[in-house]
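There are 2 protein chains.
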Amino acid sequence: MDYVKAATDTGSETFIPIADRVATFDNDGTLWSEQPLYFQFFYAVDQIKAMAPKHPEWKTTQPYKALLENNMPELMKQGEKALLQIVATTHSGMTTDEFDTSVRQWIDTAKHPVKKKLYKDLVYQPMLELVKYLQANNFKVFIVSGGGIDFMRAWAEDVYGIPKDQIIGSSIKSKFDYNNGNPVIVKLPELEFNDDKDGKPVGIQRFIGRKPVFAAGNSDGDLQMLQWTASNKLKNFELYVHHTDSVREWAYDRKSHIGTLDKGLDEAIAKKWAIADMKNDWKVIYPSDK
Amino acid sequence: MDYVKAATDTGSETFIPIADRVATFDNDGTLWSEQPLYFQFFYAVDQIKAMAPKHPEWKTTQPYKALLENNMPELMKQGEKALLQIVATTHSGMTTDEFDTSVRQWIDTAKHPVKKKLYKDLVYQPMLELVKYLQANNFKVFIVSGGGIDFMRAWAEDVYGIPKDQIIGSSIKSKFDYNNGNPVIVKLPELEFNDDKDGKPVGIQRFIGRKPVFAAGNSDGDLQMLQWTASNKLKNFELYVHHTDSVREWAYDRKSHIGTLDKGLDEAIAKKWAIADMKNDWKVIYPSDK
Numbered sequence: 672m673d674y675v676k677a678a679t680d681t682g683s684e685t686f687i688p689i690a691d692r693v694a695t696f697d698n699d700g701t702l703w704s705e706q707p708l709y710f711q712f713f714y715a716v717d718q719i720k721a722m723a724p725k726h727p728e729w730k731t732t733q734p735y736k737a738l739l740e741n742n743m744p745e746l747m748k749q750g751e752k753a754l755l756q757i758v759a760t761t762h763s764g765m766t767t768d769e770f771d772t773s774v775r776q777w778i779d780t781a782k783h784p785v786k787k788k789l790y791k792d793l794v795y796q797p798m799l800e801l802v803k804y805l806q807a808n809n810f811k812v813f814i815v816s817g818g819g820i821d822f823m824r825a826w827a828e829d830v831y832g833i834p835k836d837q838i839i840g841s842s843i844k845s846k847f848d849y850n851n852g853n854p855v856i857v858k859l860p861e862l863e864f865n866d867d868k869d870g871k872p873v874g875i876q877r878f879i880g881r882k883p884v885f886a887a888g889n890s891d892g893d894l895q896m897l898q899w900t901a902s903n904k905l906k907n908f909e910l911y912v913h914h915t916d917s918v919r920e921w922a923y924d925r926k927s928h929i930g931t932l933d934k935g936l937d938e939a940i941a942k943k944w945a946i947a948d949m950k951n952d953w954k955v956i957y958p959s960d961k
Numbered sequence: 672m673d674y675v676k677a678a679t680d681t682g683s684e685t686f687i688p689i690a691d692r693v694a695t696f697d698n699d700g701t702l703w704s705e706q707p708l709y710f711q712f713f714y715a716v717d718q719i720k721a722m723a724p725k726h727p728e729w730k731t732t733q734p735y736k737a738l739l740e741n742n743m744p745e746l747m748k749q750g751e752k753a754l755l756q757i758v759a760t761t762h763s764g765m766t767t768d769e770f771d772t773s774v775r776q777w778i779d780t781a782k783h784p785v786k787k788k789l790y791k792d793l794v795y796q797p798m799l800e801l802v803k804y805l806q807a808n809n810f811k812v813f814i815v816s817g818g819g820i821d822f823m824r825a826w827a828e829d830v831y832g833i834p835k836d837q838i839i840g841s842s843i844k845s846k847f848d849y850n851n852g853n854p855v856i857v858k859l860p861e862l863e864f865n866d867d868k869d870g871k872p873v874g875i876q877r878f879i880g881r882k883p884v885f886a887a888g889n890s891d892g893d894l895q896m897l898q899w900t901a902s903n904k905l906k907n908f909e910l911y912v913h914h915t916d917s918v919r920e921w922a923y924d925r926k927s928h929i930g931t932l933d934k935g936l937d938e939a940i941a942k943k944w945a946i947a948d949m950k951n952d953w954k955v956i957y958p959s960d961k
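For the protein sequence lines, the chains are C and G, in the order given. Per our numbering: the first sequence = residues 672 to 961. Per our numbering: the second sequence = residues 672 to 961.
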């Protein structure tokens, strides 16, 4: 609140013109949970299961076999190429409208295997409040996530109150098809942009064209975004969400298989960036805890 | 005005919720002039001339030789590869900040060889008014141009009143460099995205994530954007600017080497899209004509 006051007080030397009030938030692990696997991967798993009756060959073909048998150790053993195959199968070969409809149906009904809640209810109440608070002070809030841009846009506008065009993420290629006067855009099985690590400042420059004055993340994948923000000549604020609550959420950092926070934690401490200790700083984690 | 009234009247069956009021404008030939060459190419020419003293070898090397000798026929004979080389020389190998500074200096001082006015004064007054009118009615206005995204963002925010993150264009690749704690983004000599023709709806989907309800262009390069907009189930409006004024601006359409309007003109007539006849419909072309 001190930062926002210093940024918005027209009499202050640290006043920031409205056009420069750009705030960027990571999504997985920063705005909603990401354990035991990125939620977008659960979407892919659910889609494979729904598609399986039309693909009897998957019963004997990896990586589908392992997935359909819920054999996660075997699935992980298949490696990154197999995971990309699952993503390609579930995220391409359809129009953007069809994909959007599919994600919307899933987000409205699918429940997290551990928390037994809708995925969209596993968002962080303090971060929702932070987004709203910044917006109320004329900050333009963006999501800058390694997650899929089309996946997030299907639900994040409603859930976070952030417009679709302010949601940036990883993407696969797509093509326009005039389709005899009923034009569609078709999603292709080829990576276009990986919005993680070095990719985050690059994505910010490409989509926003302006260096943020505020950035929030939770992992080493967000470090470059925070470094980029910290290099702003205008007064800036860097925040790391630290997952310290093994009871209400999950506790993990330096050695986690997802959302590793190691170099980032060292740099945050060295540079005195803000660190939100979920266990001790947050009265409420999820909106339903209120 | 009938369209905007129908779109914003809450009692109307054609009412459009604010979040869906997306308007996309081409830039070259739609918001400012583009003859006898795209203005961004004049920028490249001016940069080559400024850089020439440090590159004595250019006096004898094509395509630089032709350019430095103002030998346009010879330069054109060098073909597309040579033009791309000139663009790469002047648009990459520097940081995004350095490029931005260079374009700003140019746009504030460089004059058009025929009109003898600043390039930024060769914008269309009626289109400026249209952009403002849509914005005043809660339309979110975007530029979707084949021109360079970083080139436009250096000046278009000020000149058109359209925020940088709502300016979409063609791009070259870039990379993040931590640079010992003074991070920069460096522009690389490799095409990333061509925001023209089929690329326009693809760019709209990638950057905006929502189909427009309003689109304006002036050439066949905008046709797919207008087709995409026309396929919106919400009430939509398509506009072609037709260059018909050889005295106050330029007159060209079906056979022009730049901004060709041929198939688009046929389709506009067949589908009764709006066509702005610059000679007969516009009292004023440039702001200085007022």
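Ideal Cβ positions, reconstructed from N, Cα and C, are used throughout, including at glycine. Remember, it's a predicted structure, so these values are computed and weren't measured experimentally.
Alpha carbon to alpha carbon, how far is residue j from residue i? Give it in angstroms, no decimals.
i	j	result
C/Tyr790	C/Val812	22 Å
G/Met722	G/Glu728	12 Å
C/Asn664	G/Val830	Nothing can be reported for residue 664 of chain C, as the shown portion of chain C is limited to 672 through 961.
G/Lys787	G/Asp960	14 Å
C/Ala694	G/Lys803	26 Å
C/Lys676	G/Ala715	43 Å
G/Phe686	G/Lys904	12 Å
G/Phe878	G/Ser841	12 Å
C/Leu801	C/Asp779	24 Å
C/Leu739	C/Ala947	38 Å
C/Leu746	C/Asp933	26 Å
G/Ala962	G/His914	Past the boundaries of the shown model lies residue 962 of chain G; chain G is included only from 672 to 961, so the question cannot be answered.
G/Trp777	C/Lys720	57 Å
G/Pro970	G/Glu920	The question about residue 970 of chain G has no answer here: the residues shown for chain G are numbered 672 through 961.
C/Lys736	C/His726	11 Å
G/Gln706	C/Phe864	35 Å
G/Asp691	G/Tyr674	15 Å
C/Ile734	C/Asn741	Note that residue 734 of chain C is Pro in the sequence shown here, rather than Ile. If you take the alpha carbons of C/Pro734 and C/Asn741, they lie about 11 Å apart.
C/Asn853	G/Asp937	18 Å
Using CA coordinates, which residue listed in the options is at the minimum distance from residue i?
i	options	result
C/Leu755	C/Gln711, C/Lys676 and C/Met949	C/Gln711
C/Met798	C/Pro727, C/Asp697 and C/Phe686	C/Asp697
C/Asp768	C/Ile689, C/Ile843, C/Ala825 and C/Asp867	C/Ala825
G/Ser816	G/Thr732, G/Val802, G/Leu793 and G/Asp893	G/Asp893
C/Leu708	C/Thr731, C/Pro784, C/Ile719 and C/Ala945	C/Pro784
G/Asp891	G/Gly700, G/Pro688, G/Thr679 and G/Ile689	G/Gly700
C/Ile843	C/Met672, C/Lys926, C/Tyr849 and C/Ile820	C/Ile820
G/Ile929	G/Arg692, G/Gly818 and G/Val918	G/Gly818
G/Ile875	C/Ala886, C/Ala939, C/Phe885 and C/Val855	C/Val855
C/Leu689	C/Phe810, C/His726 and C/Gln776	Per the sequence presented here, residue 689 of chain C reads as Ile, with Leu not at that position. The shortest C-alpha separation from C/Ile689 is found at C/Phe810.
G/Ile814	G/Leu801, G/Lys736 and G/Ile839	G/Ile839
G/Ser773	G/Ala753, G/Met823, G/Met743 and G/Arg692	G/Met823
C/Asn851	G/Thr679, G/Gln895 and G/His762	G/Gln895
C/Ala759	C/Ser845, C/Lys748 and C/Arg692	C/Ser845
G/Lys942	G/Ile757, G/Leu932, G/Trp777 and G/Ala901	G/Ala901
G/Asp848	C/Thr931, C/Gly870 and C/Trp921	C/Gly870
C/Tyr923	C/Ala753, C/Glu938, C/Pro734 and C/Lys950	C/Lys950
C/Trp953	C/Glu938, C/Asp937, C/Asp916 and C/Thr931	C/Asp916
Give the C-beta separation of residue i and residue j to the nearest angstrom, bearing in mind that I take them to be a contact with Cβ-Cβ under 8 Å.
i	j	result
G/Gly935	G/Tyr911	6 Å
C/Trp899	C/Pro872	4 Å
C/Phe770	C/Lys858	6 Å
C/Lys835	G/Arg881	6 Å
C/Phe885	C/Ala945	That belief does not hold up - the Cβ atoms of C/Phe885 and C/Ala945 are roughly 10 Å apart, past 8 Å.
G/Val955	G/Gln796	5 Å
C/Gln718	C/Thr761	4 Å
C/Leu793	C/Trp703	5 Å
C/Lys906	C/Ala678	6 Å
Buried or exposed for residue i, please, with buried defined as at least 16 other CB atoms from any protein chain shown within 10 angstroms of its CB.
i	result
C/Gly682	exposed
G/Gly750	exposed
G/Ala827	buried
C/Ala807	exposed
G/Glu684	exposed
G/Leu862	exposed
G/Arg775	exposed
C/Ile757	buried
G/Ile940	exposed
C/Pro724	exposed
G/Asp680	exposed
G/Asp866	buried
May I have a chain-ordered list of the beta strand (DSSP E) segments no shorter than 3 residues that lie completely inside the region 867-927 of chain C? The qualifying runs are 885-888 and 908-913.
Whole runs of the beta strand (DSSP E) within the region 693-771 of chain C, excluding any shorter than 3 residues: 693-696
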